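Protein chains in written order, with numbering that gives the first Met the number 0: chain A, 0 to 305; chain B, 0 to 266; chain C, 0 to 276. Below: the structure, in structure tokens.
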Amino acid sequence: MNSTDTQRPETASRPKRELALVSRSTYLKERALQYLFFACAFLAVVTVVLIFAFTMLQAAPVFTDIGLANFFSLDWAPTEGRFGILSLAAGSALVTAGALVLGVPLGVGTAVYLTEIASARVRAIISPAVDLLAGIPSIIYGFFGMVIIRPFVAEISGGLGFGALTAWLVLAIMIVPTITTLTIDALRSIPMGIREAGFAMGATKWQVIYKVVLPAARFGIVDAIVLGMGRAIGETMAVLMVVGNAPVIPDSVASPISTLTSQIALDMSYSSGLHRTALFGMGVVLFIISASLVGIVRMLSKKRKG
Amino acid sequence: MSVYQNAPAPEVSAITAANFDFWYGDFHALTDVNLNIAKNKITAFIGPSGCGKSTFLRCMNRMNDLIEGTRCEGVMTLDGADIYAEGVDPVDLRRRVGMIFQQPNPFPKSIYENVAFGPRLQGVTSKSDLDDIVEESLKRANLWKEVSNQLSKDGLALSGGQQQRLCIARVLAVQPDVLLMDEPCSAIDPTSVQKVEDLMAELAPEMTIIIVTHNMQQAARISDCTAFFLQEVAGEPATLIEYGQTDALFTSPIDKRTEDYITGRFG
Amino acid sequence: MRKLFSRQLVEARHEMLSIFEAVDLTLHDAVRAYVTDDRDLAKKAKEKTFQIDARCANLEAVCYNLIATQSPVASDFRLLQTIIYIDFNLQRMCDKVRRIARAANRKVKSDFEVPAVLVDLIETEAESVYRVMGASVTALVNNDLSLVLSLSDEDEVVHDLYQKFFRTFNRTEAVELDDDAAMDDFRRTIMVSRYLDRIANISMECAYRLVFLLTGQRWTAADLAEADEGELEGMRVPSGEGVILDPATDAHYVSSLPLDEVGSELKRLIEEGREEA
Chain A
0 MNSTDTQRPE TASRPKRELA LVSRSTYLKE RALQYLFFAC AFLAVVTVVL IFAFTMLQAA
60 PVFTDIGLAN FFSLDWAPTE GRFGILSLAA GSALVTAGAL VLGVPLGVGT AVYLTEIASA
120 RVRAIISPAV DLLAGIPSII YGFFGMVIIR PFVAEISGGL GFGALTAWLV LAIMIVPTIT
180 TLTIDALRSI PMGIREAGFA MGATKWQVIY KVVLPAARFG IVDAIVLGMG RAIGETMAVL
240 MVVGNAPVIP DSVASPISTL TSQIALDMSY SSGLHRTALF GMGVVLFIIS ASLVGIVRML
300 SKKRKG
Chain B
0 MSVYQNAPAP EVSAITAANF DFWYGDFHAL TDVNLNIAKN KITAFIGPSG CGKSTFLRCM
60 NRMNDLIEGT RCEGVMTLDG ADIYAEGVDP VDLRRRVGMI FQQPNPFPKS IYENVAFGPR
120 LQGVTSKSDL DDIVEESLKR ANLWKEVSNQ LSKDGLALSG GQQQRLCIAR VLAVQPDVLL
180 MDEPCSAIDP TSVQKVEDLM AELAPEMTII IVTHNMQQAA RISDCTAFFL QEVAGEPATL
240 IEYGQTDALF TSPIDKRTED YITGRFG
Chain C
0 MRKLFSRQLV EARHEMLSIF EAVDLTLHDA VRAYVTDDRD LAKKAKEKTF QIDARCANLE
60 AVCYNLIATQ SPVASDFRLL QTIIYIDFNL QRMCDKVRRI ARAANRKVKS DFEVPAVLVD
120 LIETEAESVY RVMGASVTAL VNNDLSLVLS LSDEDEVVHD LYQKFFRTFN RTEAVELDDD
180 AAMDDFRRTI MVSRYLDRIA NISMECAYRL VFLLTGQRWT AADLAEADEG ELEGMRVPSG
240 EGVILDPATD AHYVSSLPLD EVGSELKRLI EEGREEA
């Protein structure tokens with residue numbers, strides 16, 4: 000048994016000292032840094048609030064001067080006082096849906112190939128290519144779409160080639176890097192042990208991938224899809240250049256349409272008065288859509304952790 | 000390096016190895032392993048870290064094939080048939096030779112789905128059949144009493160020891176002939192270790208079990224035969240030093256290296 | 000590795016040898032007390048046997064504790080088993096020595112006269128017993144399997160002397176005794192011969208355990224009596240760090256034994272030890 004500690008004689012004579020952790024200057028420095036970082040973070044919040052407030056303010060007249068019935072109608076003719084955005088919203092939805100239908104299989108498939116199947120040599124070629132795709136500016140995509148894809152679509156469909164189909168092709172390639180990178184992260188976060196367990200049970204490589212790995216990564220993949228959707232909805236420049244800018248419900252996939260984003264970009268510079276108010280109203284709608292997407296992603300993450 | 004065999008050759012060996020060598024790329028990991036694993040008995044592999052016992056274990060169900068650059072020479076048979084011969088399907092082999100890993104690795108699915116995974120792979124679809132299989136496997140794995148009313152709970156929400164027993168239930172559901180266990184008890188608490196040892200003793204008469212373990216007392220407690228592997232010189236391949244009946248090997252080992260290792264004087 | 004455990008094993012081994020020496024020396028005292036009618040010596044011998052009993056009990060507890068806490072295997076475990084067995088048998092021998100000391104005391108106190116021829120026979124028998132014990136301890140210290148095999152012959156000598164004693168006793172004229180109590184006393188005095196015979200036999204059994212320590216095989220006394228030395232040597236298995244076979248140090252713990260009773264190898268070691276001291 001250890002001997003018990005005896006009373007140290009010094010403490011009897013010295014008065015009790017407050018436990019101070021560090022010197023005063025260090026303490027002040029720490030506090031200052033704390034406030035600095037808080038300020039940076041606070042800035043983000045302030046910015047979002049300001050932008051939202053500004054947009055809402057500018058869009059407020061939609062309720063008073065345009066009226067909700069007008070705003071949510073199919074008829075977009077600003078010169079005649081009709082500001083119905085439904086066809087534009089439909090255009091955005093159509094373009095996004097098609098992009099996802101094409102882009103998600105492409106993106107998830109690439110991610111699965113890169114993480115599960117490819118050898119190191121093949122991965123060394125494909126992975127940088129995917130990263131480069133993410134780095135290409137959207138205006139270049141727009142060029143590519145206008146100059147290469149549009150004539151191609153025109154040939155097979157007979158029209159000019161501006162429309163949903165072209166937008167689908169361009170947007171699909173644009174969202175592939177987003178979806179691929181996030182899916183790769185999700186797949187990599189699945190521990191190796193689960194795959195080993197699958198193999199040890201007598202599953203083939205494909206069975207392990209689609210019965211074990213993909214179900215295990217489902218939350219991460221849905222995250223990736225939702226964020227890809229966000230990118231597709233918000234894409235302006237490339238879409239503007241290939242979509243045809245006809246604010247109507249199309250009768251075929253190859254006939255011109257317009258989206259919320261492309262319409263705003265087109266009209267913003269010369270619009271005024273109620274026209275401008277309507278554009279801000281569309282901005283608010285877009286804001287609400289992306290906020291909901293962010294909300295869905297956060298809700299899914301919580302579900303994954305819980 | 001001579002190998003002592005004071006175990007009588009079993010009448011029917013479940014797995015045999017003859018002149019077995021193994022390479023990871025250029026690295027010669029194992030050399031000249033000759034071994035008969037007795038059928039329906041528990042065999043323990045012991046040895047210090049890095050001595051090739053886990054490598055050898057993984058050769059028995061060809062899990063090492065999944066690593067690039069590995070190759071082997073020599074013969075390894077299961078019930079008499081060479082498992083490395085041309086045309087042998089490793090996937091089918093792994094259904095007959097199941098494996099439990101050191102870190103419990105249940106799938107992130109419900110307990111029911113974990114255990115039903117194997118039978119579903121084999122084509123069982125009827126719900127009542129699957130229910131029976133799941134219940135029986137969980138009972139054999141000493142886990143049924145604890146989870147019978149929460150089969151839809153996520154497998155990862157169980158404790159470490161329960162997860163390991165879930166992995167055992169999962170393997171038992173495909174009714175393998177041989178069960179390979181790679182240090183199954185090193186990552187779980189002592190009470191669960193006790194339960195796993197109990198279930199090994201219950202399974203043993205119907206199944207050949209091979210367990211790699213660092214715990215000398217565990218090997219002495221539960222195994223019928225023990226094999227001692229050692230890599231004597233770093234950089235040289237490891238080999239089998241001694242193999243025999245457990246009580247003989249632990250009371251009076253024939254090789255001095257075995258004596259020194261099991262009494263804890265090195266390694 | 001396991002330095003503490005190795006040291007504890009060696010200490011247990013030395014304690015066992017030391018107790019063996021103590022039993023041997025106390026037996027000398029008890030027999031001398033009997034032959035020379037020395038009551039004080041008999042009393043001292045009896046007290047020494049109680050001390051030996053305490054040491055045996057302690058050694059047994061230590062060994063069981065080591066088994067429970069250290070999970071020994073292989074040579075460590077064989078050594079502990081051997082020590083416990085020999086310790087138990089040393090207690091039995093010690094019990095016999097105590098009876099001899101009591102008999103010596105009774106011989107002095109009582110009225111009857113034990114015939115001189117019988118006392119001489121007992122003295123001769125005791126000397127043979129010393130040789131058996133000396134050979135046993137030599138075998139244990141030197142891990143000498145050949146010496147173990149020769150013990151049965153030495154034990155035969157003791158047994159023959161014991162039989163000769165009782166034949167002689169039966170042929171002597173009946174001793175006149177007053178009552179039953181006196182008769183019992185006389186009987187107990189005569190039994191010394193039997194006690195000596197038993198001591199030699201138990202000592203031989205202790206030495207036989209050396210075979211288990213060095214080979215891991217359990218052989219019966221009957222098998223060992225007929226065993227071949229080469230065969231036994233061939234069955235030796237490696238001894239580990241805990242079973243440090245170091246006769247020179249072990250000899251130190253039995254160095255008080257009379258040199259003419261121990262084997263030649265042990266005699267040499269004791270003498271060398273004394274020179275160095």
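Just so you know, even glycine gets a beta-carbon here, dropped at the ideal spot from N, CA and C. All of these numbers come straight from a predicted model, not from anything done at the bench.
Open item on the list: Measuring straight from C-alpha to C-alpha, what distance separates C:Arg235 and C:Thr214?
Closed with: The C-alpha of C:Thr214 is placed about 4 Å away from the C-alpha of C:Arg235.
- request: Using a Cβ cut-off of 8 Å (strictly closer), state whether B:Glu231 contacts chain C.
  value: No - not a single Cβ of chain C is within 8 Å of the one on B:Glu231.
Contact defined as beta carbons within less than 8 Å: I believe A:Thr54 pairs with A:Val283. What is the distance between those atoms, to the nearest angstrom? Contact flag correct, Cβ pair sits at about 6 Å.
Q.
Taking 7 Å as the cut-off, is the C-beta of A:Gly160 nearer than that to any heavy atom in the ligand SAH?
A. Inclusion of the ligand SAH in the displayed structure is not the case, the ligand content being empty and no account of it being possible.
Item to check | Delimiting residues of the alpha helix (DSSP H) encompassing A:Met228 | outcome: Looking at the DSSP string, the run of the alpha helix (DSSP H) that includes A:Met228 is 217–233.
Review point. On the three-pair Cβ rule with 8 Å, is the region 175–190 of chain C touching the region 145–154 of chain C?
Key: Short answer: they don't touch.
Original post:
Can you tell me the Cα-Cα spacing of C:Ser278 and C:Glu228, whole angstroms?
Top reply: Not covered by the structure: residue 278 of chain C. The range shown for chain C is 0 to 276.
Is it right to say A:Met0 is buried, meaning 16 or more other beta carbons lie within 10 angstroms of its own, or is it exposed? The pLDDT assigned to A:Met0 is 40, lower than 50, so where the model puts this residue is not dependable, and the model offers no usable value.
*Grab the span of the beta strand (DSSP E) containing B:Gly243 for me, first residue to last.*
For B:Gly243, the uninterrupted beta strand (DSSP E) segment begins and ends at 238–244.
**Three-state secondary structure assigned by DSSP to B:Tyr23** = Strand at B:Tyr23.
With a Cβ-Cβ cutoff of 8 Å, do C:Ser278 and C:Val156 count as a contact? Chain C is shown from 0 up to 276; residue 278 of chain C falls before or after that span and cannot be answered.
What residues are listed by DSSP as bridge partners for B:Leu275? The question about residue 275 of chain B has no answer, for chain B in this structure spans 0 to 266.
So which of A:Ser291, A:Arg30, A:Val111 has the shortest CA-CA distance to A:Ile220? If you compare the alpha carbons of A:Ser291, A:Arg30, A:Val111 with that of A:Ile220, the shortest gap goes to A:Val111.
ask   = What residues in the region 94–107 of chain B have a beta carbon less than 7 Å from any beta carbon of chain A?
value = Here the close residues are Arg94, Gly97, Met98, Phe100, Gln102, Asn104, Phe106, Pro107.
I'd like to know whether the C-beta of B:Asn5 is nearer than 8 Å to at least one C-beta of chain C. Only weak support is given to the placement of B:Asn5: the predicted model assigns it a pLDDT of 49, under 50, and the value that follows is read from those uncertain coordinates. Any Cβ of chain C closer than 8 Å to the Cβ of B:Asn5 would place that residue at the interface, and such an atom is absent.
Determine the contact status of A:Ala277 and A:Pro77, defining contact as a CB-CB distance below 8 Å. For the pair A:Ala277 and A:Pro77, the CB atoms are nearer than the 8 Å cut-off.
Cβ closer than 8 Å: which chain B residues qualify as neighbours of C:Thr214? Near C:Thr214 (Cβ distances below 8 Å), the residues of chain B are Ser251.
- request: Below 8 Å on the Cβ atoms is my guess for B:Ile221 versus B:Leu179; work out the distance and round it to an integer in Å.
  value: Contact between B:Ile221 and B:Leu179 is absent: CB atoms are separated by about 15 Å, not below the 8 Å threshold.
- prompt: When we look at the beta-carbon of A:Cys39 and count the other beta-carbons within 10 Å, is it buried (16 or more) or exposed?
  reply: Around the C-beta of A:Cys39, fewer than 16 other C-beta atoms lie within 10 Å, and the residue is accordingly described as exposed.
Check your understanding: Which chain C residues are close to B:Ile261, counting only those with a beta carbon under 7 Å from its beta carbon?
Key -> Within chain C, the C-beta atoms nearer than 7 Å to that of B:Ile261 come from Val72, Ala73, in chain order.
query: Taking only beta-carbon atoms, is C:Gly262 less than 8 Å away from chain B?
result: Chain B has no Cβ within less than 8 Å of the Cβ of C:Gly262.
Looking at C-alpha atoms only, which residue of B:Glu72, B:Glu67, B:Asn104 is the closest neighbour of B:Asn18? The shortest Cα separation from B:Asn18 among B:Glu72, B:Glu67, B:Asn104 belongs to B:Glu72.
Counting only beta-carbon atoms, is A:Met335 nearer than 8 Å to chain B?
Nothing in the structure corresponds to residue 335 of chain A, since chain A is present only between 0 and 305.
- Item | Residues of the region 77–90 of chain B whose Cβ lies closer than 8 Å to any Cβ of chain A, in chain order | Result list: Val90.
**Message:** Taking only three categories from DSSP, how would you classify A:Asp250?
**Reply:** A:Asp250: coil per DSSP, three-state reduction.
- Would you verify that the beta carbon of B:Gln161 is, or is not, closer than 8 Å to some beta carbon of chain C? Cβ-Cβ to chain C under 8 Å: no for B:Gln161.
Q) For the alpha helix (DSSP H) that contains C:Leu24, what are its first and last residues? A) Segment 2–35, the alpha helix (DSSP H) holding C:Leu24.
- prompt: How would you label C:Asn169, buried or exposed, when you count the other beta carbons within 10 angstroms and need 16 or more for buried?
  reply: With fewer than 16 other Cβ atoms within 10 Å, it is exposed.
Neighbourhood of A:Glu234 by C-beta distance below 8 Å, restricted to the same chain and skipping five residues each side = Answer for A:Glu234: Ser137, Leu170, Met173, Thr260, listed in chain order.
- Own chain partners of C:Thr89 with C-beta closer than 8 Å, once the 5 adjacent residues on each side are dropped: The question names Thr, but residue 89 of chain C is Leu in the sequence shown. Only Met15, Ile18, Phe19, Val22, Ile51, Cys55, Cys205 meet the Cβ criterion.
C:Ala170 at chain B interface by Cβ criterion, 8 Å
The displayed chain sequence assigns Arg, not Ala, to residue 170 of chain C. No, because no Cβ of chain B sits closer than 8 Å to the Cβ of C:Arg170.
- [ ] Look at the alpha carbon of C:Glu232 and the alpha carbon of C:Glu10, and state the distance between them as a whole number of angstroms.
- [x] Computed Cα separation, rounded: 26 Å.
Residue nearest to A:Leu164 in terms of C-alpha spacing, selected from A:Val252, A:Arg16, A:Asn69, A:Ser289:
That would be A:Val252, whose Cα lies nearest to the Cα of A:Leu164.
Which bits of chain C does B:Ala43 rub up against, with CB to CB less than 7 Å? Under the 7 Å cutoff, chain C gives no residues; its nearest Cβ is about 13 Å from B:Ala43.
How would you list, in chain order, the residues of chain C whose beta-carbon sits under 7 Å from the beta-carbon of B:Gln216? Near B:Gln216 (Cβ distances below 7 Å), the residues of chain C are Ser70.
- Query: Any chance the region 155–166 of chain B sits against the region 185–193 of chain B, with 3 or more Cβ pairs inside 8 Å?
  - Reply: Output reads yes: the region 185–193 of chain B touches the region 155–166 of chain B.
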